[in-house]
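Enquirer: Submitted below is the structure of interest, expressed as structure tokens.
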Amino acid sequence: MFITEIQAISPQNTYTNKGINPIVVHNGNRYYAIEPNYSGIISPNQLRRMGKSLRMGIGAAMPIVTKHSDIQGIILGSADGGLEDCIKFLNQIVLYNEGTLSPTGFVQSTPNAAAGNIASMTKNSSHNCTHVHGGHAFENALLDAFLLAETQQVEKILVGNIDEISDFNYSIEMQGNWFKTEETNNTTLLESNTPGTVCGESACMFLLQSHALHYYAQICDIDVFSFPESNEVEQRFHAFLQKNAITTQSISRVYLGYNGDSRYDFQYKKIETLCSYASNIHTFKNLVGEHPTSIAFAVYLASLELHNLPSTNIPCYTLIYNQYKNNQHTFILLRGKNSA
């Protein structure tokens, strides 16, 4: 499928789709998203009742869906949904002794709240689904879109991710030693060589079309797998390339999910070594932090880069490799719009 529209709210200045220069430097181990001015996108009455994940999701989606009233599917991926609002609601149950309380916090915190609100605000009654498969939530949203387009001949589908930093989840992950305890920032994260990483959040939206003449990038293939055995990552890599009839020399750009966690970054080093012919090796978690659906931000950056490349008759492939907690692994292959 072809990516014809993109939009992102992230810890970088991405809302204008003009790139990430200059890079916004974040200190500490929480990289919060830079939210845009929502006036003209979300009405004030609706905005004041929305939690952060809902604001971000709708804010990233509306510029796309308002331009395309004929969208035939809304499919999002979110590991936790609006967990912050959910915890607030649970605390209110205790505070009011299970008495009468507003259900707003609960309604707005469910993972499918964003997709439902986008559909409601645009009066879209098409296929609507939210995938919550942890580190594969966004990838399953993409696969769902591929299946929907193939089985029902659907032409336009909105696909995206939403994940926010919640104090509750952050505390649990911190106790699990997933985040760094020492002081760090964007510029030093990947060289820290210590256990743990930094926490991040983002909402990235993509309009996928089955056919397109003008587009950012083509999604050629996706491969997801969990709990790999020794050498399985390399085996899946070679099988992935063979399936798509390309070699390592065909890949000109690689996006790797290095996050500064000394325990698991070795997986990325394997792929970096195998892709030694690539002219550009990029990282993205030093920009937006680690979260289950952070690979969506890599797709956003790669699409933007491919879109801005000069015309060429040589096929231009970008490979994205990510793993979440060394449990859930993904390869995504993109092809540039100017490819032969």
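Here the numbering used here is used: the first residue of the sequence shown is 12, the next is one more, and so on.
We put the CB at the ideal spot given by N, CA and C, even for glycine.
#1: To the nearest angstrom, report how far apart Phe100 and Ser137 are at their CA atoms.
#2: Spatial neighbours of Lys191 within its chain, please: C-beta separation below 6 Å, excluding the five flanking residues on both sides.
#3: With C-beta atoms as the reference, is Ala126 less than 7 Å away from Ile85?
#4: Go ahead and pull the three-state DSSP assignment for Phe248.
#5: Is the region 307-324 in contact with the region 12-21, if contact means three or more CB pairs nearer than 8 Å?
#6: Tell me which residues share the same chain as Ala351 and place their Cβ nearer than 6 Å to its Cβ, disregarding the 5 neighbours each side in the sequence.
#7: Should Leu345 go down as buried or exposed, given a rule of 16 or more other Cβ atoms within 10 Å for buried?
#8: Note down the Cα distance separating Leu154 from Cys210, rounded to an integer number of angstroms.
#9: Specify, as a first and last residue, the run of the beta strand (DSSP E) that Met216 falls within.
#10: Would the region 181-201 and the region 297-308 be scored as touching if the rule is three or more Cβ pairs under 8 Å?
#11: If the criterion is Cβ atoms closer than 7 Å, does the pair His147 and Gln334 meet it?
#12: May I ask you to report which of helix, strand or coil DSSP gives Thr208?
#13: I'd like the ranges of any alpha helix (DSSP H) spanning at least 4 consecutive residues and lying wholly in the region 113-164.
#14: Whose C-beta lies closer than 6 Å to the C-beta of Gly271 among residues of the same chain, with five residues either side of it excluded?
#15: Beta-carbon within less than 8 Å of Tyr275's beta-carbon, same chain only, minus the 5 sequence neighbours each way: which residues are those?
#16: Gln186 lies in the alpha helix (DSSP H); which residues open and close that run?
#17: Considering only DSSP beta bridges, list what Val235 is partnered with.
#18: Apart from the five residues just before and just after Leu58, which ones in its own chain have a Cβ nearer than 8 Å to its Cβ?
#19: Where do the N-terminal and C-terminal ends of the beta strand (DSSP E) with Gly171 fall, by residue?
#20: So, under 8 Å CB-CB, Asn151 and Gly88 are touching, yes? Tell me the CB distance rounded to an integer number of Å.
#21: Can the beta-carbon of Tyr26 be found closer than 7 Å to that of Pro47?
#22: If you pair each beta-carbon of the region 303-310 with each one of the region 162-182, do three or more pairs fall below 8 Å?
#23: Where does Ser64 land, buried or exposed, given buried means 16+ other C-beta within 10 angstroms?
#24: DSSP three-state call for Ser314: helix, strand or coil?
#25: In terms of residue numbering, what span does the alpha helix (DSSP H) encompassing Gln334 cover?
#26: Closest to Asn28 by CA distance: which of Asp232, Ser273 and Cys215 is it?
#27: When DSSP labels each residue in this structure, what does Ala351 get in the three-state scheme?
#28: Thinking just about the alpha-carbon of each residue, which of Thr162, Phe149, Met73 and Glu184 is nearest to the one in Ser131?
#29: Can you round the beta-carbon distance between Thr133 and Val76 to whole angstroms, since I take them to be within the 8 Å contact cut?
#30: Under 7 Å between the Cβ atoms of Thr205 and Ser261?
Expert: On the basis of the coordinates in this document:
#1: 30 Å
#2: Asn40 and Gly207
#3: yes
#4: helix
#5: yes
#6: Annotation note: pLDDT 47 at Ala351 (below 50); position unreliable, no value reported.
#7: buried
#8: 26 Å
#9: Ser213 to Gln220
#10: yes
#11: no
#12: strand
#13: 115-120, 124-133 and 148-163
#14: Leu200, Leu201, Ser203 and Thr208
#15: Gln334, Lys336 and Asn337
#16: Asp178 to Gln186
#17: Thr341
#18: Tyr49 and Arg66
#19: Lys167 to Asp174
#20: 6 Å
#21: yes
#22: yes
#23: buried
#24: helix
#25: Element bounds for Gln334: not the alpha helix (DSSP H) but the beta strand (DSSP E), Tyr328 to Tyr335.
#26: Cys215
#27: Any answer about Ala351 is weak, because its pLDDT of 47 lies below 50 and its placement is not dependable; what the coordinates show is given next. Ala351: coil per DSSP, three-state reduction.
#28: Met73
#29: 5 Å
#30: no
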